[in-house]
Each structure stands twice: as structure tokens, then as C-alpha cells.
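Take a look at the structure below.
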Amino acid sequence: MKDNAYFDNAATTWPKPEPVYQFMDSFFRSHGVNPGRSGSLLAVEAEQMITATRRMLARFFGYSGPANRVVFTLNGTDSLNMSIAGLVTAGDHVISTRLEHNAVLRTLNHLERDRQVQVTRVAPGADGYIDPAAIKSALRPNTRAIVFNHASNVIGTVQPLAEVAAIAQAAGVLLIVDAAQTAGVLPIAMDELGISVLTFPGHKGLFGPMGIGGMIVAESVDLPAQRFGGTGVDSLSSFQPDVYPHHLEAGTICLPGVAGLHAAQLWFRALGERLQKGETILPGEEVMSAHKVSATGNSPVHAGLCQLAIRHIHQVELTHLERIEACLREHKNVRILANARHDARVATLSFTVDGMPTERIADQLDADHQICARAGLQCAPLVHVDADTVDGGGTIRLSPGYFTDEEDMQQLLDALDDILT
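Counting in the working numbering, the sequence shown runs from -15 upward without gaps.
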């Protein structure tokens, strides 16, 4: 039995691909300087790595605009705070959902209280999916933006983004997408969908480290600066530069974090190359990638290979999840939240057990079976209010990942049978 069988990938993916650890370590040792702050060779090369990473991420997310619109932030929450608070002003109306993470909920709550912003929070159906018609019917003359959770971090349902994007475009309102649970998990075509701002964390499906996130701001969107300080350019100016990414990036960037995202992009590409060749890749099999800065990220080939990898990873994770769900459904005292469809879900589910407090189940999984799961409200309280799980302490959330292996799976399935029988 493993000391730790990890089933909390919705919180952060772990472990990361081995090349991510290796490249972060080697690049920080060889180029651990302040990028863009001098003309030294090391600083220039560090900046080149960052620029290449922006290019790869732009293509990865189906964005064909200038790569300088890929802005690095602290994390996904930081991206959502900056985009929502920067684009919404007093008197505006915002449409969102009751599936949102606190990164959205609390930001909108503060704007509602402090700026007199009007907010409509659309509820999902019993199956856990938002009806696009409900979004459309919530539109008002003063609607400024739709802030939309691509997939729930509690119940794993993937929302109808294409339909909602079409509604936003037709109405001429901004669309801010929280891709925390889908970046690196599902293909996202930013240009095709007409997304105004796409926000993402680095440490989940993108397989980067904690402490780095980002957003892609469409060229048609004027997002006011909210961080002010040094940028390494236009230092005589009394105000933040208008040029991207400096307009939204103030201070020293997290170089190790960007290096991790860079290596992860190369790993996605290497996995896609093997899949394109028709090679058989075992679930979770490690794929090595080049340990050098990529100069090819701007190519559409990069995007295509990464999409192959994403689809493969998603299928591996769903296969794990379906085995877990089948095990849970054998126990009559288990309630699985929502009714996620195979074709519209990520590898996350939440459940409760009749007569058993959530914390007790989590403690047993951890102490007796060395299973890492997530108990509680998962920072998405309205999901639990609507599901009537707050008083019971929320749910147990299980989220297998690409590197979940058969030993992990058997350890979890045995633990569930032991606890629930």
C-alpha cells in the first residue's frame, strides 16, 4: 500500500511530469536573473523563455492574436479578480452562476456591495448543468459581462460554453471564462468562441507549479491596469505603460513558475507527437521532452499536438473516474451530487454518505487508508447550499489524475468498500 494515494487533482495536479521539475531546477540555476531588467545575455535569454511560453500558451488556447496579450499573474484567483474588478463599474449588470468558485463569488459580492454592481446568479438544473436559455433571459440593457465557470470544481459538470459564448457575442457583452478546471483538460478555442478574457491557474491541468497563473485578454478588450510599478520599460513614465503585457504585469515576474509552464507545454507537445505516430502509451506513462527553451511555440503544429495530448489525458482521467463512480453506486447509502454526462464532465465527483459526517469519512480515508481526498465545501459554497450539504460539512470530493496508477486505484476502491460497507 502506498503511503499516499493522491485523489485531489481538482485542487492541484500532483505529481507533475518529470521534465517540469527538471527544467524548473536547471533553468533557475542557470538563468535565475531578473528578466527584462538589463541587457545582459542571461536576462535576455530569461526574457526569451518567457516570451516563448506566452506564444505556446496562446496557441494552446486557440488564440491567434499577439502573444503579449498572454498576461502572467499570481494564480487563477488573481486573474479573475483583475479581470472582473477591472472591467465592471458602478451601475453595470453581471450575469454569473451559482456554480462559481469563491474567486468569482467573493469578487462579485464585493462589487455588488461596494460599487453597486447588479449581479444575477443563474442556478443549474438538478443534473448540474446551466441552461443557456437562462443566461439569455437574464440579459438586461446594462449587462456588462457574463462571468462563466467552464467546469464545476465540486461536481465536475462541463458547462455549455459554446452556447453561452454565442449569447454573449450576439448581445455584445463581455465573456470572462474561469478555466480553472478545464485548462489543459479540455480543448479551448478562444478565437472561435470569442472569449473576452480567459483566466487560468498554472498548477492544475497545465501541470505547472503553484504561484503562477495567467489570463489571455482579447485585443478588443481594454482592461485597466490594477497593479502599478516597475516593468523594465518606459521607466520615465509616471504611469503604467499601455503596452501589453507590461500594462498588467508590475514587478518581477515569477521566473521559476513560467519555466514550469514552459516545460509542461513541451511535455504536452512531446506526448502529442507520440500519439500522432500511433504509439501506444500506457495510462500515466511518463513522456520525456526536450530540456531547452522552445522556439516553435508560435506554430499551429504546437496547438494541434497539444490537443491530441489533452484528449488522451482527459480520457485516461475519465476512465479512472468511471471506476470510482461505479464503486460508489454499489453502496445504497451513497449520494453522488448532480448527474454528470460522460460527454460533458471532468474527472471530479462529490458524494455524501447517509448517517456519516463528511469529516469522519475523510479522516478514515486519510488515517486508515492513506488516501488524499478533499472534504468540505471546496470553496464553492452555493453548490452546497443548493445541494443541501452545508449542515453535513459538505462533501467528499475525489479527483483522479493522469498520473493516478492502478495501485492508487485499487487502494481507493478497497478503502471505499471498507468504509461504506
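The beta carbon of each residue, even a glycine, is placed where N, CA and C say it ideally should be. No experiment lies behind these values; they were computed from the predicted model shown.
Shown here, residue 360 sits in a strand according to DSSP, grouped into three states.
By the Cβ rule, the region 89 to 96 does not count as touching the region 209 to 223, because fewer than three pairs are nearer than 8 Å.
Residue 360 is a Cβ neighbour of residue 378, given a cutoff of 7 Å. The criterion of a C-beta distance shorter than 7 Å is satisfied by residue 247 and residue 7. The C-beta of residue 100 has fewer than 16 other C-beta atoms within 10 Å across all chains shown, which makes the residue exposed. Per DSSP, residue 12 has no beta bridge partner at all. The closest CA to that of residue 225, considering only 239, 240, 373 and 209, is found on 209. Annotation for residue 162: no alpha helix (DSSP H) segment contains it, though the beta strand (DSSP E) segment containing it runs 158 to 162. Taking 7 Å as the cut-off, the Cβ atoms of residue 27 and residue 332 do not count as close. Listed in chain order, the non-local C-beta contacts of residue 325 below 6 Å within the same chain number zero, local neighbours out to five positions each way being set aside. In this structure, residue 163 keeps its C-beta atom at 7 Å or more from the C-beta atom of residue 191. In this structure, residue 40 and residue 249 form a Cβ contact; the two beta carbons are roughly 4 Å apart against a cut-off of 8 Å.
Shown here, residue 99 sits in coil according to DSSP, grouped into three states, outside any helix or strand. Contact check for residue 12 and residue 383: beta-carbon distance about 29 Å, past the 8 Å limit, so the pair fails to qualify.
With distances taken between CA atoms, residue 397 lies nearest to 305 out of 336, 305, 343 and 337. Judged by DSSP in its simplified three-state form, residue 185 adopts strand.
Annotation: residue 334 to residue 144 spans about 20 Å, alpha carbon to alpha carbon. As the crow flies, the alpha-carbon of residue 5 is around 30 Å from that of residue 307.
The C-beta of residue 217 has fewer than 16 other C-beta atoms within 10 Å across all chains shown, which makes the residue exposed. Judged by pairs of C-beta atoms under 8 Å, the region 45 to 65 touches the region 171 to 186, as three or more such pairs exist. Taking all protein chains in view, the Cβ of residue 124 is surrounded by fewer than 16 other Cβ atoms within 10 Å, so the residue is classified as exposed.
Excluding its 5 nearest sequence neighbours in each direction, residue -12 has C-beta neighbours in its own chain below 6 Å: 354 and 356, listed in chain order. Apart from the 5 residues on each side of it in sequence, residue 77 sits with its Cβ closer than 8 Å to the Cβ of 101, 102, 103, 104, 124, 126, 127 and 128 in its chain, given in chain order. In this structure, the CA atom of residue 232 is about 14 Å from the CA atom of residue 196. Closest by C-alpha distance to residue 80, out of 45, 385, 116 and 291, is 116. Distances from the alpha-carbon of residue 258 to those of 388, 342 and 288 put 288 closest.
Rounded to the nearest angstrom, the gap between the Cα atoms of residue 198 and residue 174 is 14 Å. The Cβ atoms of residue 85 and residue 322 do not sit closer than 7 Å to each other.
Apart from the 5 residues on each side of it in sequence, residue 393 sits with its Cβ closer than 7 Å to the Cβ of 304 and 307 in its chain, given in chain order. Going by DSSP, residue 200 is part of the beta strand (DSSP E) stretching over 197 to 201.
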